[in-house]
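Q: The following block contains the structure, expressed as structure tokens.
2 protein chains.
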Amino acid sequence: MASKVRLYVEHPLGEGQSVPLSREQAHYLFGVMRLAAGDVVSLINSVDGEWDAEVVEAGKKGGVLVCSAQTAPLQMPPDLWLLFAPIRKERTAFIVEKAVEMGAARIMPVQSAYTQSANRIRMDKLQAHAVEAAEQCGGTYVPPVDDLAKLERVLAEWPAGRHLMFCDEGMAGRSAALPSVLAAPCAILIGPEGGFSPAEREMLQTATFAHAVSLGPRILRADTAAVAALTLWQQAFGDWQ
Amino acid sequence: MASKVRLYVEHPLGEGQSVPLSREQAHYLFGVMRLAAGDVVSLINSVDGEWDAEVVEAGKKGGVLVCSAQTAPLQMPPDLWLLFAPIRKERTAFIVEKAVEMGAARIMPVQSAYTQSANRIRMDKLQAHAVEAAEQCGGTYVPPVDDLAKLERVLAEWPAGRHLMFCDEGMAGRSAALPSVLAAPCAILIGPEGGFSPAEREMLQTATFAHAVSLGPRILRADTAAVAALTLWQQAFGDWQ
């Protein structure tokens, strides 16, 4: 019934490799999950795939695991970024979680002109949500969560060769079919709940790398829109094909 | 800046029609939103579209609105049902909210053999979440939320002519392309987080109306899976085309 505990570590994984645990990791494995020496967990590190590892030392302040066998190779998500404007705390955490489950390779919180709650977001917590989501969803890769950046600056410094699909309630009624130019490398920008400012809209409408996509006739919350846009893209160009 | 307050009422809407308010509605409009006589709100009732209505009486225990003009016709969602097994309280509310935003016509909580939290779900609250989501997303229709029913019974009494798309982590690796037989009338069944029981799986695999669909190589939480499945369907057959 109980499936193996999955744990992300920042440490190389390989046959016979020993992996020291931090105090927090030891607390989680031995205090919360009640594991003990001899138990086996699954480790991921975004590099070496998924490995079985046995508990060889279990303490209150730390512990040691030793890797036995690789159980899955590294599976990188497609080269897709998700840009979104942070919203209320709980929903921002949801967007990060969903981005990981849906297979975004990089998560970029952006501050649009009308973003109100940016200063209330603990950015360090967002990376922890990404780790937790990867542990939960069976992924072997944890996408990095960037520091908050101004949307205007991100657009002004946009890398050559990467297209941007932006989802905007102003586009309701257009088709949800994705143009082939949006194949990887690509990025998705979820419109902030307050809408884009006139300057941002102007930048998006004139940038040759940006393409508006409709997400249907109803207004979606940002977390719903993120999953919907990632679904459209993964089915058309990503690893759901 | 502030957009009009939208309110769902169980009352006919039409030119010159007066609409009495319940105590809760009066509290929301006049206590929470601070509206007063002369202010205009948007009303929906799942039948008559969206109407502007002016406050003509505002009291602590009730009030009266009078409809002036229709601002949008009724837009029914496609004939698509969403079936899901209730999960933790907050996430169940999210699934209902997302189903409304994404345009499901009927929401059916089902109790699978491995559903654990069914008895902790307040079913009356779920309908209230659907109303709130319709008010928020600009919709003119509030899908009914059925009472909880046993999945086995729902499948045994399945209506002729309606196909069922079921999303199951056991299907990872299959294509996410939807067969054309899934056009409306259709239903989506989100696999419960504990998985289907052997008897349920057997029913789904042998029923001629049921079709398995993959939602990619990662394991999605039920609320993520609901949005993803609704996206695939709306783009292929629904009102996102």
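Protein chains in written order, with my numbering: chain R, 1 to 241; chain C, 1001 to 1241.
Glycine included, C-beta positions come from ideal geometry on N, C-alpha and C.
None of these values were measured; they are calculated from a predicted model.
Hey, quick one: how far does the beta strand (DSSP E) through R:Arg6 stretch, first residue to last?
A: For the purposes of this step, residue 6 of chain R is taken as the residue at position 6 of the first sequence. Arg6 to Tyr8 is the extent of the beta strand (DSSP E) around R:Arg6.
Q: Could you name the residues that DSSP lists as bridge partners for C:Trp1051?
A: For the purposes of this step, residue 1051 of chain C is taken as residue 51 along the second sequence, with counting starting at 1. For C:Trp1051, which the question treats as bridged, DSSP gives the partners C:Leu1043 and C:Gln1070.
Q: C:Thr1231 CB to nearest chain R CB: under 9 Å?
A: Translated into the one-based positions of the second sequence, residue 1231 of chain C becomes position 231. For C:Thr1231, the answer is yes, since a Cβ of chain R falls inside 9 Å of its Cβ.
Q: With 9 Å set as the bound, which would you pick, yes or no: does the beta-carbon of C:Trp1240 sit closer than that to a beta-carbon of chain R?
A: Start at 1 with the first residue of the second sequence, and residue 1240 of chain C comes out as number 240. C:Trp1240 counts as touching chain R.
Q: Whose Cβ in chain R lies nearer than 8 Å to the Cβ of C:Glu1101?
A: Here residue 1101 of chain C refers to the residue found at position 101 when the second sequence is read from its first residue. Here the neighbours are Arg218, Ile219, Leu220, Arg221 and Thr224.
Q: Counting Cβ pairs closer than 8 Å, one from the region 143-156 of chain R and one from the region 98-111 of chain R, do we hit at least three?
A: Touching, yes, given that three or more Cβ pairs across the two stretches are closer than 8 Å.
Q: Would you say R:Leu80 and R:Pro185 are within 9 Å of each other, going by their C-beta atoms?
A: Numbered from its first residue, the first sequence carries residue 80 of chain R at position 80. Numbered from its first residue, the first sequence carries residue 185 of chain R at position 185. Yes, the pair counts as a contact, with Cβ atoms nearer than the cut-off.
Q: Take R:Gln17 and list the residues in its own chain whose beta-carbon comes closer than 6 Å to its own, dropping the five residues that flank it on each side.
A: The residue you call residue 17 of chain R lines up with position 17 of the first sequence. Once the five neighbours on either side are set aside, the close Cβ partners of R:Gln17 are Cys67.
Q: Step through the CB atoms of chain C and report whether any lies within less than 9 Å of the CB of R:Cys137.
A: Stepping through the first sequence from its first residue, residue 137 of chain R is reached at position 137. Answer yes: the Cβ-Cβ gap between R:Cys137 and chain C drops below 9 Å somewhere.
Q: Per DSSP, what kind of secondary structure is R:Met165 in: helix, strand or coil?
A: Taking the first sequence and counting its residues from 1, the one referred to as residue 165 of chain R is at position 165. Here R:Met165 sits in strand by DSSP.
Q: Residues of chain C with a CB under 9 Å from the CB of R:Lys125: which are they?
A: The residue labelled residue 125 of chain R in the question sits at position 125 within the first sequence. Chain C residues near R:Lys125: none, gap ~18 Å exceeds 9 Å.
Q: Decide if R:Ser3 is buried, meaning its Cβ has at least 16 other Cβ atoms within 10 Å, or exposed.
A: On the first sequence, residue 3 of chain R is found 3 positions in, with the first residue counted as 1. R:Ser3 comes out exposed.
Q: Can you tell which of R:Arg221, R:Arg201 and R:Ala177 has its C-alpha closest to the C-alpha of R:Gln235?
A: For this step, residue 235 of chain R is matched to residue 235 along the first sequence. With distances taken between Cα atoms, R:Gln235 lies closest to R:Ala177.
Q: Does any residue of chain R bring its CB to less than 9 Å from the CB of C:Phe1166?
A: To locate residue 1166 of chain C, count along the second sequence from 1; it is residue 166. So no, C:Phe1166 is outside the interface.
Q: Would you say C:Ala1228 lies against chain R (beta-carbon separation less than 9 Å)?
A: Your numbering for residue 1228 of chain C matches position 228 in the second sequence. Answer yes: the Cβ-Cβ gap between C:Ala1228 and chain R drops below 9 Å somewhere.
Q: Where does R:Ala225 land, buried or exposed, given buried means 16+ other C-beta within 10 angstroms?
A: As a working mapping, residue 225 of chain R is identified with position 225 in the first sequence. With 16 or more other Cβ atoms within 10 Å, it is buried.
Q: For C:Ala1187 and R:Pro73, I'd like the C-alpha separation in whole angstroms.
A: Counting from 1 along the second sequence, the entry for residue 1187 of chain C is found at position 187. Counting from 1 along the first sequence, the entry for residue 73 of chain R is found at position 73. Rounded to whole angstroms, C:Ala1187 to R:Pro73 spans 35 Å at the Cα level.
Q: Chain C beta carbons: is any one of them nearer than 9 Å to that of R:Ala93?
A: For the purposes of this step, residue 93 of chain R is taken as residue 93 along the first sequence, with counting starting at 1. Not one chain C Cβ lies under 9 Å of R:Ala93.
Q: Determine, using beta carbons only, whether R:Gly238 and C:Gly1216 come nearer to each other than 9 Å.
A: Walking along the first sequence from the start, residue 238 of chain R turns up at place 238. Walking along the second sequence from the start, residue 1216 of chain C turns up at place 216. A contact, by the Cβ cut-off of 9 Å.
Q: Exposed or buried, C:Met1033, counting other C-beta atoms within 10 Å across all chains shown (16 or more means buried)?
A: Working through the second sequence from its first residue, we reach residue 1033 of chain C at position 33. Answer is exposed; the Cβ neighbour count stays below 16.
Q: Within 10 Å of its beta-carbon, does R:Arg218 have 16 or more other beta-carbons around it, so buried, or fewer, so exposed?
A: As a working note, residue 218 of chain R is residue 218 in the first sequence. Under this definition R:Arg218 is a buried residue.
Q: C:Lys1089 versus chain R: which residues are under 7 Å apart at the beta carbon?
A: In the second sequence, counting from the first residue as 1, residue 1089 of chain C sits at position 89. The premise fails here: C:Lys1089 is roughly 13 Å from chain R at the closest Cβ pair, so nothing lies under 7 Å.
Q: Does the distance from the C-beta atom of R:Gly59 to that of R:Phe30 stay below 9 Å?
A: In the first sequence, counting from the first residue as 1, residue 59 of chain R sits at position 59. In the first sequence, counting from the first residue as 1, residue 30 of chain R sits at position 30. Contact: yes.
Q: Which bits of chain C does R:Gln111 rub up against, with CB to CB less than 9 Å?
A: Taking the first residue of the first sequence as position 1, residue 111 of chain R is located at position 111. Chain C residues near R:Gln111: none, gap ~19 Å exceeds 9 Å.
Q: List the residues of chain R that C:Lys1098 touches, going by C-beta distances under 7 Å, in chain order.
A: Indexing the second sequence from 1 puts residue 1098 of chain C at position 98. In chain order: Thr224.
Q: Can you name the residues of chain C whose CB is closer than 8 Å to the CB of R:Gln75?
A: Walking along the first sequence from the start, residue 75 of chain R turns up at place 75. Those are Pro1217, listed as they occur along chain C.
Q: Counting only Cβ-Cβ distances shorter than 7 Å, please list the residues of the region 1014-1045 of chain C near chain R, keeping chain order.
A: Cβ contacts with chain R: none found.
Q: Closer than 9 Å, Cβ to Cβ, to anything on chain R: give me those residues from the region 1050-1078 of chain C, in chain order.
A: Within the region 1050-1078 of chain C, the residues whose Cβ lies closer than 9 Å to some Cβ of chain R are Gln1075 and Pro1077, listed in chain order.
Q: Taking R:Leu21 as part of the beta strand (DSSP E), name the residues at either end of that continuous run.
A: Counting from 1 along the first sequence, the entry for residue 21 of chain R is found at position 21. Per DSSP, R:Leu21 belongs to the beta strand (DSSP E) from Ser18 to Leu21.
Q: Could you tell me whether the Cβ of C:Gln1234 comes closer than 9 Å to any Cβ of chain R?
A: For the purposes of this step, residue 1234 of chain C is identified with residue 234 of the second sequence, where counting begins at 1. With 9 Å as the cut-off, C:Gln1234 counts as an interface residue toward chain R.
Q: Less than 9 Å between CB atoms is the rule here; does C:Glu1202 satisfy it with respect to chain R?
A: Here residue 1202 of chain C refers to the residue found at position 202 of the second sequence. For C:Glu1202, the answer is no, since every Cβ of chain R falls outside 9 Å of its Cβ.
Q: Round the Cβ separation of R:Asp39 and R:Val55 to the nearest angstrom and send it over; I've been treating them as touching at under 8 Å.
A: The residue given as residue 39 of chain R occupies position 39 in the first sequence. The residue given as residue 55 of chain R occupies position 55 in the first sequence. Rounded, the Cβ-Cβ distance is 5 Å, consistent with contact.
Q: Taking R:Asp52 as the reference, give the member of R:Leu82, R:His129, R:Glu15 and R:Gly103 with the closest Cα.
A: The sequence position of residue 52 of chain R within the first sequence is 52, counting from 1. Ranking R:Leu82, R:His129, R:Glu15 and R:Gly103 by Cα distance to R:Asp52 puts R:Glu15 first.
Q: In the DSSP assignment, find the unbroken beta strand (DSSP E) run with C:Val1110 in it and report its ends.
A: The residue labelled residue 1110 of chain C in the question sits at position 110 within the second sequence. From DSSP, the beta strand (DSSP E) with C:Val1110 extends over Arg1106 to Gln1111.
Q: Over the uninterrupted alpha helix (DSSP H) stretch that includes R:His129, give me the two end residues.
A: The residue labelled residue 129 of chain R in the question sits at position 129 within the first sequence. R:His129 -> alpha helix (DSSP H) spans Met123 to Cys137.
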